[in-house]
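Report on the following structure.
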Amino acid sequence: MEARAEPATEPPPVMEASSPAAIEVKDLNLYYGTFLAVEGVDMKIERNKATALIGASGCGKSTFLRSLNRMHELVPGARAEGTVALDDEDIYGPNIDPVMIRRRVGMVFQAPNPFPTMSIYDNVAAGLKLNTRRIKKNDLDTVVERSLRGANLWDEVKHRLGKSGSGLSGGQQQRLCIARAIAVEPEVLLMDEPASALDPISTLAIEDLVQELKQDYTIVIVTHNMQQASRASDITGFFNIEGAGEPGHLIEMGPTEKMFTNPEHKATEDYVSGRFG
Amino acid sequence: MRVGLQEELDQLEASLQEEGELVRRALRGALNALEQQDEELADEVIAFDDEVDRCYFGIETGIQSLLARQAPAAQDLRLVLAVLHNNLHLERMADYCVTVAKLTKLVHDTPPDETLTEALEDMGARAEEMIQTALDSFANRDVEVAESLVEMDELIDGANRRVVHQILSLSADPDLREWGLRMLLVSRCLERIGDHAVDIGEQTAFLVSGQFREFTDASH
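Here is the structure:
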């Protein structure tokens, strides 16, 4: 019988390579005036992944989301301590222009908010016109079409681009807002409860869209809908607060499948099982 | 708290324990019928399988309804999945009891070999004990008790091998040889019931740890 030589040492375990972090948050504290709303968050948000942030109301997940493109500080008295590195560059560093950060890190809000007096075309082009001094009409047409296609809206609106965006359904308006956000080609797309105002069909359309968008963008989505988090995200982070008036903390973060089947922390287990409160 | 979900989970677990009790009764009936060569009792065991099947379908339907409406997660989800597996394991065990009863009917007029009958009764008693141990480990979320099933299963496997040797050494009497062949299948059924009990133990470990692992690999 042929003898098979045993390897001298165990081969290294095969590890799934994780993408480099698109955003790395270190020891982040977020304040509204003197009130500490979110404390001590360390988080790596992976490139081209959909990361969901879940947690009960008031746990600080939306505040945290807004800190990722410096929208948090638009509230009077609000401030941040710590670092949020976007590709190794601290967005809270000196000489950083928040407007440029918001171009690189786009935001889609809970309620669809197309510019009501603008046409569908102008809604998509608005961000580009604001950010780019001169752009040729042909180039603009290309970007508008590409963005509407990217938001899975092109086929529904291509024959009425000159009509008002407010004439669209809620789900279409939200996809219009997504088209507007991706028209400026951000690196990261933040979504704050993007489907909470939508019907179930439109909600699924947004969730499907998230799966497509993550091929080109890094997505961070805040949601109250745990099924949505489990359906639409690759990574899930769970925020929690000890009690009213206490700061929110990131309790646990990991692959969505693990977070919803076998989380490490009891608080996460209770939350994803609906056994809180 | 999700009162409705918890009530449904409790009900599923209670039904599973009830199904386990039915299977133990079926096994005891099959063993008695075998030992006493009681054809009537064997018929009762065969008919009794409908009770087990009713319980099985009740649990299956309950799980389907719960999954559709409650979207359980984390430990709740693992519990539902484990009950789903265990339900099938118990139903299979009951089927083996039916097979033992049918084999008993086929040989009811052949004088048995007493040594072999005793060995089978001994295997059956161990299988009964394993069913109880498996269900207790599940109810109490006790992984240590669940793992003890491996040792119990090795005893049944050993008994099965001894039974095979005994059957091979039976006399050349054609009736006794036919009886022996039937008993070979009975022995195999009892051995498989032990395997399913170990599988239930593995579900206990999965429920507690969230990691599925076989207690022993297939080569054992």
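Protein chains in written order, with this note's numbering: chain X, 1350 to 1626; chain V, 505 to 724.
Where is the CB? At the ideal position from N, CA and C, for every residue including glycine.
Note that the coordinates shown come from a computational prediction; the quantities given were computed from them, not determined experimentally.
query                                                                                                                      : result
Stretch-stretch touch, CB-based, cutoff 8 Å, three pairs: the region 542-556 of chain V with the region 565-582 of chain V : no
Neighbour flag for Gly1623(X) against chain V, beta carbons, 8 Å                                                           : yes
Cβ neighbour criterion (16 or more within 10 Å) applied to Met634(V)                                                       : buried
Span of the alpha helix (DSSP H), counted from its first residue to its last, around Ile1584(X)                            : Not the alpha helix (DSSP H): Ile1584(X) falls in the beta strand (DSSP E), residues Ile1584 to Ile1590.
Nearest neighbour of Ala726(V), chosen from Ala518(V), Asp599(V) and Ile567(V) [CA to CA]                                  : Absent from the structure is residue 726(V), since the part of chain V shown begins at 505 and ends at 724.
Interface partners of Ala578(V) on chain X, CB under 7 Å                                                                   : Phe1609, Thr1610, Asn1611, Pro1612, Glu1618, Val1621 and Ser1622
DSSP-derived helix/strand/coil call for Gly1516(X)                                                                         : helix
Chain V contacts from the region 1564-1589 of chain X (Cβ-Cβ distance under 9 Å)                                           : Met1575, Gln1576 and Ser1579
Contact set for Lys1410(X): own chain, Cβ-Cβ below 6 Å, skip 5 residues either direction                                   : Leu1402, Gly1404, Val1571 and Phe1588
Neighbourhood of Gly1597(X) by C-beta, 6 Å cutoff - its chain only, sequence neighbours within 5 removed                   : Val1387, Cys1408, Gly1409, Phe1588 and Ile1590
Interface flag, Arg558(V) vs chain X, CB-CB below 8 Å                                                                      : no
Straight-line Cα distance separating Gly524(V) from Glu1373(X)                                                             : 52 Å
DSSP three-state assignment for Pro1535(X), whether helix, strand or coil                                                  : coil
First and last residue of the uninterrupted beta strand (DSSP E) at Arg1428(X)                                             : Ala1427 to Leu1435
Residues sharing a beta bridge with Ala1399(X), DSSP                                                                       : Ile1568(X)
Coil, strand or helix - Pro615(V) by DSSP                                                                                  : coil
Cα-Cα separation, Val1621(X) to Lys1615(X)                                                                                 : 10 Å
Minimum Cβ-Cβ distance from Gly508(V) to chain X less than 8 Å                                                             : no
Rounded distance between the beta-carbons of Ala586(V) and Leu711(V), thought under 8 Å                                    : 5 Å
Pair within 8 Å by beta-carbon distance, Asn1472(X) and Arg1529(X)                                                         : yes
Chain X residues whose Cβ lies nearer than 9 Å to that of Arg582(V)                                                        : Thr1610 and Asn1611
Glu1438(X) - partner residues in DSSP beta bridges                                                                         : Leu1435(X)
Contact check, Tyr1470(X) vs Val1454(X), beta carbons under 8 Å                                                            : no
One or two residues paired with Glu564(V) in a DSSP bridge                                                                 : According to DSSP, Glu564(V) bridges with nothing at all.
Cβ-Cβ separation, Leu1497(X) to Val1533(X) (assumed contact under 8 Å), whole Å                                            : Incorrect: roughly 14 Å between the Cβ atoms, too far for contact.
Test: Gly714(V) CB closer than 8 Å to a CB of chain X                                                                      : yes
Spatial neighbours of Phe719(V) in its chain, beta-carbon cut-off 7 Å, leaving aside the 5 residues before and after       : Glu651, Val654, Val702, Gly705 and Glu706
Distance between beta carbons of Glu632(V) and Ala532(V), contact taken as under 8 Å                                       : Before going on, a small fix: residue 532(V) reads as Arg here, not Ala. That belief holds up - the Cβ atoms of Arg532(V) and Glu632(V) are roughly 7 Å apart, short of 8 Å.
Proximal residues of chain X, C-beta to C-beta of Ala534(V) below 7 Å                                                      : The premise fails here: Ala534(V) is roughly 38 Å from chain X at the closest Cβ pair, so nothing lies under 7 Å.
Euclidean distance between Cα positions of Leu513(V) and Arg558(V)                                                         : 18 Å
Among Glu1561(X), Pro1612(X), Leu1385(X) and Gly1586(X), nearest to Asn1501(X) - alpha-carbon criterion                    : Glu1561(X)
Between the CA atoms of Val556(V) and Ala1399(X) - distance to the nearest angstrom                                        : 46 Å
Under 8 Å between C-beta atoms of Leu509(V) and Pro615(V)                                                                  : no
Cα-Cα separation, Asp1433(X) to Leu1417(X)                                                                                 : Rather than Asp, the amino acid found at residue 1433(X) in this sequence is Val. Their Cα atoms are separated by approximately 7 Å.
Those residues which DSSP pairs with Asn1378(X) across a bridge                                                            : Glu1430(X)
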